[in-house]
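Participant: Dropping the structure in here first, questions after.
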Amino acid sequence: MDINFNIGGAAGQGIDTIGDLLTQVFVQAGFYTFTIKDFESRIRGGYNFTQIRVSD
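To convert a position in the sequence shown, counted from 1, into our numbering, add 102.
Have a look at this one:
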């Protein structure tokens, strides 16, 4: 099984936090995860995204 998640939004909306929580949930459930985080801006309102790949 391979599942890919793409989570994106404006900086300051919790994209990084949601990505970390999803990754922890899958790791604790016994899956392997690979995460890529892209921060285009440290200023609120810039676009950020997180990609998570989950595999068994």
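Ideal Cβ placement from N, Cα and C applies to all residues, glycine included.
With a CB to CB cut of under 6 angstroms and the five nearest residues on each side skipped, what residues in its chain are close to residue 136?
Facilitator: Within the sequence shown, numbered from 1, the residue matching residue 136 stands at position 34. Result list for residue 136: 155, in chain order.
Participant: So which of 132, 141, 122, 147 has the shortest CA-CA distance to residue 157?
Facilitator: Position 55 of the sequence shown, counted from the start, is the residue given in the question as residue 157. For the residues 132, 141, 122, 147, the minimum Cα distance to residue 157 belongs to 132.
Participant: Give the secondary structure of residue 128 by DSSP, where H, G and I count as helix, E and B as strand, and everything else as coil.
Facilitator: Residue mapping note: residue 128 aligns to position 26 of the sequence shown, counting from 1. Helix, per DSSP.
Participant: Rounded to whole angstroms, what is the Cα-Cα separation between residue 111 and residue 125?
Facilitator: Sequence index remark: in the sequence shown, residue 111 carries index 9 (1-based). Sequence index remark: in the sequence shown, residue 125 carries index 23 (1-based). Straight-line Cα distance between these residues: approximately 18 angstroms.
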